[in-house]
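S.K.: Each residue of the sequence shown is one higher than the one before, starting from 36 at the first, in our numbering.
For glycine and all other residues, C-beta sits at the position ideal for the given N, C-alpha and C.
This one's a predicted model, so the numbers in the text were calculated from it and none came from an experiment.
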Amino acid sequence: MKILKIILISLGLLVLLAIGLFFGSIWYYSWQDSKFYDIEIPEGENYQKPTEYLNNKQLDSLKDLTVDSERIEIIGTGYGGYDFYMWHKPTEKGEIYIKAFETTKNQRLSEWKLTNRTKNTISELSDDYKLFTGRTVIDEGTFEKYYPARFELWFKSEKDGTEKKLTEKSYLIDGWDR
């Protein structure tokens with residue numbers, strides 16, 4: 036009888052712990068996301084929301100776009116995720132990837148996820164601008180609560196590991212509810 040009592044108490048404590056962790060994580064992520072709910076958009080800045088969707092013809096024209104400098108275009112929403120189109124002239128071996136920051140506080144957004152899911156390895160060199168792509172969600176924020184974000188295209192040299200910012204572009208984005 037004593038062993039049964041100990042087992043039941045242990046199971047009860049495990050259930051309470053699981054419930055506490057579940058609701059604690061919901062509270063924690065809601066609190067983290069709430070920091071992005073009421074960010075004031077700076078006056079004088081002309082932020083645009085990313086285009087939500089491109090049909091196949093528009094995608095083909097984007098892929099065939101001729102550019103003469105590094106460039107970033109972002110398509111998507113916080114709900115469905117963002118597609119990143121990055122143009123770069125690969126004159127050195129290394130990696131290119133995106134870094135993002137909330138503009139008013141310069142807070143880094145989805146650091147690991149964004150860098151790793153937009154990372155492209157450059158192994159072939161060219162004198163022409165090449166299109167590279169990536170796709171991910173931005174965790175910070177929630178649907179339909181827009182805030183200003185700056186997206187930067189970075190290059191990391193294979194030779195010496197130095198990082199160099201190539202270009203940047205700002206948008207009004209919303210986050211993904213976890």
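Y132: which of K124, P125, G116 and N151 sits nearest, CA to CA?
M.R.: The option with the nearest alpha carbon to Y132 is N151.
S.K.: So is T156 buried or exposed if we call it buried at 16+ other beta carbons inside 10 Å?
M.R.: Exposed, because fewer than 16 other Cβ atoms sit within 10 Å of the Cβ of T156.
S.K.: Restricting to Cα atoms, I'd like to know which of K84, K92, K134 and D174 is closest to G111.
M.R.: The candidate whose alpha carbon is nearest that of G111 is K84.
S.K.: Would you say the stretch 189–202 touches the stretch 142–149, given that touching needs at least three Cβ pairs under 8 Å?
M.R.: Flag = no, the stretch 189–202 and the stretch 142–149 do not touch.
S.K.: Give the single residue among W189, L52 and F119 whose Cα lies nearest to the Cα of E87.
M.R.: Ranking the options by Cα distance to E87, first place goes to F119.
S.K.: Using the C-alpha atoms, what's the distance from V50 back to G59?
M.R.: Going from the Cα of G59 to the Cα of V50 covers about 14 Å.
S.K.: Name the one or two DSSP bridge partners that I133 has.
M.R.: Answer is L188.
S.K.: Looking at E105 and P183, is the spacing between their C-beta atoms short of 8 Å?
M.R.: No.
S.K.: Once DSSP output is grouped into helix, strand and coil, what is the label at F57?
M.R.: It is helical.
S.K.: Could you pull the start and end residues of the alpha helix (DSSP H) that N151 belongs to?
M.R.: Taken as a continuous stretch (DSSP letters only), the alpha helix (DSSP H) holding N151 covers E146 to T153.
S.K.: Three-state secondary structure (DSSP) at Q142?
M.R.: Correct three-state label for Q142: strand.
S.K.: So which of H123, G47 and I41 has the shortest CA-CA distance to E108?
M.R.: The candidate whose alpha carbon is nearest that of E108 is H123.
S.K.: Taking the C-alpha atoms as reference points, what is the distance between W189 and L94?
M.R.: If you take the alpha carbons of W189 and L94, they lie about 23 Å apart.
S.K.: Whose C-alpha, out of V172, T153 and I173, is nearest the C-alpha of L166?
M.R.: Measuring from the Cα of L166, the nearest candidate turns out to be T153.
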